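The structure appears right after this line, and notes come after that.
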RNA sequence: GGGAGGAUUCCCGAGUGGCUAAAGGGGGCAGACUGUAAAUCUGUUGUCGACGACUUCGGUGGUUCGAAUCCACCUCCUCCCA
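See the structure below:
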């Protein structure tokens, strides 16, 4: 099917999503007619999706806009096993309750990018068909079709051979393969998409469908979101860049994109926004200081996709207030202090720690010693300084840590 | 089941009785330079009532004036053989 007259396969290719395809011509041909059912799995191993998943959601959305039908699989069953792909260590074992909870959060976040109304996209939990499997029956029915010799040569397992791989995780590929077979049978799903680290798991499913049902299925993987020098994108001090506003505020999310490396801007615009390619090319051509314009657009667009336009505008306003000059805003992170306490004198270090600006008072001392803190625009030099009522003109004091981190303290 | 090796501060990784809050690198934070970028340079990176004190080197107990370093037991991991 087509978007603006362009075949969706070509859209994905042009925007740079595609890493590997089992049979490019066959997949392109399959997608030429609308209504193709395809699936992507998401293992709920955390209580929020992150930017890595965002890329998968973008692809789903592109495909849906082109008239195809996505199935989002919440990996409640597979998360019980744990995907060894791309992991050096075994994951922490999650309880089923955690997994179910996480799946619920995933569901909400996905609904922002993919339209699940009226069966336009489906969502299912693979726990529904995996958790109740009978061990022996499953081994005979499915396990018999997998060659251990071949599985061991799969990249995801080979990497783990030196660090140890448990039998539990070794079964992951079989679980995911079974998912594909199940969806093939239940929904006629013949196409599985996923991150490039899922390649061997996807191939496993395609083989299984052929062996069990003689059916033909396809797979396509997408480039992982990496920086120019190959590192995973979306890492912050606090871990991943989450899609949940409780874990990563829209402002923080916006700033992440506002600050991406010049070299990554073009990539992000293509992969993480729906801007037309003409516009993307125009922005990507900017040089030098003008790259900032492209970053502003990028930050706004991605934030709007994930948190909505209102939140994106708000984040933008906030950024302009802080970096544009004033350096104060009603919406910046705020800590509230009791007026009476301040009247007695409150240690600045205690406030810094309470506000989460520093993880310990020692860190606060270092920060001040190195001239990294300002109070109402004035550098702080005395680590033992206390906050007085006089520091709160109009009821608020403004702290700035380094160049970019702003915090407001108000009296009540 | 038998044998060998290992567990160090956010990560990797030195350290094998006092000179060790613990080398070096990575990462983080801050300063300079800048474009809210990168690169580069500099400082810093256990905690606290801070020129001092306290707590860290898988866990527990012991030897010693003194242990991350020695001993015993335990837990976990890796490798070789079965």
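Residue numbers (the working numbering): 1321 to 1732. Ideal Cβ placement from N, Cα and C applies to all residues, glycine included. Since the structure is predicted, the reported quantities are computational estimates derived from the model, not experimental observations.
Point to revise | Start and end residues, beta strand (DSSP E) containing residue 1341 | key: Residues 1338-1341.
**Study point:** residue 1408 versus residue 1465 - alpha carbon distance
**Key:** With a pLDDT of 48 at residue 1408, under the threshold of 50, the predicted position of this residue should be treated as unreliable, though the coordinate-derived value follows. Per the coordinates, the alpha-carbon of residue 1408 lies some 27 Å from the alpha-carbon of residue 1465.
Exercise for review: Tell me, please, whether the segment 1338-1353 touches the segment 1484-1495 by the rule of three or more beta-carbon pairs shorter than 8 Å.
Suggested key: The segment 1338-1353 is not in contact with the segment 1484-1495.
Check your understanding: What residues in its chain sit with their C-beta under 6 Å from that of residue 1652, if we drop five residues either side in the sequence?
Key -> If you ignore the 5 residues before and after residue 1652, its C-beta comes within less than 6 Å of the C-beta of 1726 and 1728, all in its own chain and listed in chain order.
Point to revise | Per DSSP, the bridge partner or partners of residue 1657 | key: Under DSSP, residue 1657 shares a beta bridge with 1731.
**Study point:** Limits of the beta strand (DSSP E) - the one that residue 1720 falls within
**Key:** Segment 1716-1721, the beta strand (DSSP E) holding residue 1720.
Review point. Exposed or buried, which one is residue 1456 when buried takes at least 16 other CB atoms within 10 Å?
Key: Result: exposed.
Exercise for review: Pick helix, strand or coil for residue 1370, following the three-state DSSP scheme.
Suggested key: Here DSSP, grouped into helix, strand and coil, assigns residue 1370 to strand.
Point to revise | Separation of residue 1684 from residue 1676, as counted between CA atoms | key: Rounded to the nearest angstrom, the two C-alpha atoms are 10 Å apart.
Review point. Near residue 1670, what residues of its chain come up, given a Cβ to Cβ distance below 8 Å and the 5 sequence neighbours on each side ignored?
Key: Taken in chain order, the residues that qualify are 1681.
Point to revise | Contacts around residue 1712, its chain only, beta-carbon distance under 8 Å, and the 5 residues preceding and following it disregarded | key: Result list for residue 1712: 1662, 1729, 1730 and 1731, in chain order.
Review point. Hey, residue 1687 and residue 1721 are a contact pair by Cβ (cut 8 Å); roughly how many whole angstroms apart?
Key: Contact between residue 1687 and residue 1721 holds: CB atoms are separated by about 7 Å, below the 8 Å threshold.
Check your understanding: DSSP state of residue 1514, grouped into three classes?
Key -> Three-state result, residue 1514: strand.
**Study point:** Nonlocal neighbours in the same chain, by C-beta distance under 7 Å from residue 1659, ignoring five residues either side
**Key:** Excluding positions up to five away in sequence, the list reads 1731 and 1732.
Review point. Alpha carbon to alpha carbon, what distance is there between residue 1723 and residue 1389?
Key: Approximately 46 Å, taken between the alpha carbons.
Practice item. Please report how far the alpha carbon of residue 1362 lies from the alpha carbon of residue 1573, in whole angstroms. Key: Their Cα atoms are separated by approximately 21 Å.
Practice item. Can you have a look at residue 1326 and say buried or exposed, based on whether 16 or more other CB atoms are within 10 angstroms of its CB? Key: It is exposed - the Cβ of residue 1326 has fewer than 16 other Cβ atoms within 10 Å.
Review point. So what does DSSP say about residue 1683, is it helix, strand or coil?
Key: DSSP places residue 1683 in helix when its eight states are reduced to three.
Practice item. Using the Cα positions of residue 1571 and residue 1440, report the straight-line distance between them to the nearest angstrom. Key: If you draw a straight line from the Cα of residue 1571 to the Cα of residue 1440, it comes to about 32 Å.
Point to revise | Three-state secondary structure (DSSP) of residue 1408 | key: For residue 1408, the predicted model reports a pLDDT of 48, less than 50, meaning its position is unreliable; a value from the coordinates is still stated below. Here residue 1408 sits in coil by DSSP.
Check your understanding: Which value, in whole angstroms, describes the spacing of the CA atoms of residue 1738 and residue 1702?
Key -> Residue 1738 lies beyond the range of the chain shown here (1321 to 1732); nothing can be said about it.
Check your understanding: Can you name the start and end residues of the beta strand (DSSP E) that residue 1635 belongs to?
Key -> Run containing residue 1635: none in the beta strand (DSSP E); it sits in the alpha helix (DSSP H), 1629-1644.
Point to revise | Local conformation of residue 1572 per DSSP, three classes | key: In this structure, DSSP gives residue 1572 a helical state, which the three-state scheme calls helix.
Check your understanding: How many whole angstroms separate the CB atoms of residue 1544 and residue 1395, which I take to be in contact at a CB cut-off of 8 Å?
Key -> Not really, about 18 Å apart at Cβ, beyond 8 Å.
Practice item. Closer than 7 Å by C-beta to residue 1349: which residues in its own chain qualify, once you throw out the five before and the five after it? Chain order, please. Key: Same-chain partners within the cutoff: there are none.
Review point. Going along the chain, which residues of its own chain have a beta-carbon closer than 6 Å to the beta-carbon of residue 1359, five neighbours each way excluded?
Key: Excluding sequence positions up to five before and after residue 1359, its CB lies within less than 6 Å of the CB of 1391, 1393, 1503, 1509 and 1512, all in the same chain and listed in chain order.
Check your understanding: For residue 1389, which residues does DSSP report across the bridge?
Key -> According to DSSP, which records beta bridges pairwise, residue 1389 is partnered with 1357.
Check your understanding: Distance, Cα to Cα, residue 1329 vs residue 1673?
Key -> C-alpha separation (whole angstroms): 51 Å.
Check your understanding: Since residue 1541 contacts residue 1515 with CB under 8 Å, what's their CB separation in whole angstroms?
Key -> Contact between residue 1541 and residue 1515 holds, since their C-beta atoms are separated by about 6 Å, short of 8 Å.
Practice item. Name, in chain order, the residues that DSSP records as bridge partners for residue 1352. Key: Bridge partners of residue 1352: none, in fact.
Check your understanding: On the three-state DSSP scale, how would you describe residue 1288?
Key -> This structure does not reach residue 1288, given that the chain is present from 1321 up to 1732, and the question cannot be answered.
Exercise for review: Could you check the C-alpha separation between residue 1424 and residue 1708 for me, to the nearest Å?
Suggested key: C-alpha separation (whole angstroms): 46 Å.
Check your understanding: DSSP state of residue 1604, grouped into three classes?
Key -> When DSSP states are grouped into helix, strand and coil, residue 1604 belongs to the helix group.
Practice item. Pair every Cβ in the segment 1611-1628 with every Cβ in the segment 1573-1583, then say whether three or more of these pairs are closer than 8 Å. Key: Here the segment 1611-1628 makes contact with the segment 1573-1583; the two share three or more CB pairs at distances below 8 Å.
Exercise for review: Could you tell me how far apart the beta carbons of residue 1337 and residue 1379 are, in whole angstroms, since I believe they sit closer than 8 Å?
Suggested key: Residue 1337 to residue 1379, Cβ: 6 Å. Contact.
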